[in-house]
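Chemist: Sharing a structure, written as structure tokens. Questions coming.
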Amino acid sequence: GYGWRYYKHYSYQKQVQAAQAYQMVLLSDSQGEKDKTKKTADRLVKEHPDSIYATTAKLLLASYNVKDKQYPQAYADLQWVIDHSEVAGFKQIARLRAARVLLQMKKPKQALALLKTIDDPAYAKVITVLKKQASRYQT
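The numbering of the sequence shown is my numbering, which starts it at 6 and goes up by one.
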């Protein structure tokens, strides 16, 4: 009926808007406009939190924050991906990066705790290597 068609159209429109917003994030990033990229990515996440684009925008924001040595904010961005993404691969990438950030923050116990959860078994070898690194930090 009409209600279903309206819902499908509305859902499609939201997907298109999220994709367009992400294109703006990528454009400003490719032009080296860090502040604009961060603002555009933040807006995308606020307006389209359930989209795959919000997840990838948060991963980009986290990388900016790591480069700027803003480790707590980078960790928060990555934790957002872990908490909100429905894609196991993205969750696992965020978990690995968050563990590395925790190591930068001198928090190896939290890093090891974070690595106990495996979202995507394809990353098992990387997880093992990172666990060994975190264990060395403790001694």
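Glycine is no exception: its CB is placed at the ideal position from the N, C-alpha and C atoms.
1. Between which two residues does the alpha helix (DSSP H) containing glutamine 18 stretch?
2. Starting from the C-beta of serine 33, find all residues in its chain whose C-beta is less than 7 Å away, skip the five residues before and the five after it, and write them out in chain order.
3. Given that a residue counts as buried once 16 or more other Cβ atoms are within 10 Å of its Cβ, and exposed if not, what is histidine 53?
4. For alanine 93, which residues in the same chain have their Cβ closer than 7 Å to its Cβ, ignoring the five residues on either side in sequence?
5. Quick one, which of Lys72, Leu65 and Asp73 has its alpha-carbon nearest alanine 86's?
6. Please classify lysine 63: is it buried, with 16 or more other beta-carbons within 10 angstroms of its beta-carbon, or exposed?
Modeler: If we stick to the structure as given:
1. Here residue 18 refers to the residue found at position 13 of the sequence shown. 7-35 is the span of the alpha helix (DSSP H), which, as asked, contains glutamine 18.
2. Position 28 of the sequence shown holds residue 33. Result list for serine 33: Lys41, Thr42 and Thr45, in chain order.
3. Stepping through the sequence shown from its first residue, residue 53 is reached at position 48. Flag for histidine 53 reads buried.
4. On the sequence shown, residue 93 is found 88 positions in, with the first residue counted as 1. Answer for alanine 93: Asp124 and Asp125, listed in chain order.
5. By 1-based counting over the sequence shown, the position of residue 86 is 81. Residue identity differs from the one stated: residue 86 is valine in this sequence, not alanine. Answer by Cα proximity: Leu65.
6. Here residue 63 corresponds to residue number 58 of the sequence shown, with the count starting at 1. Classification for lysine 63: buried.
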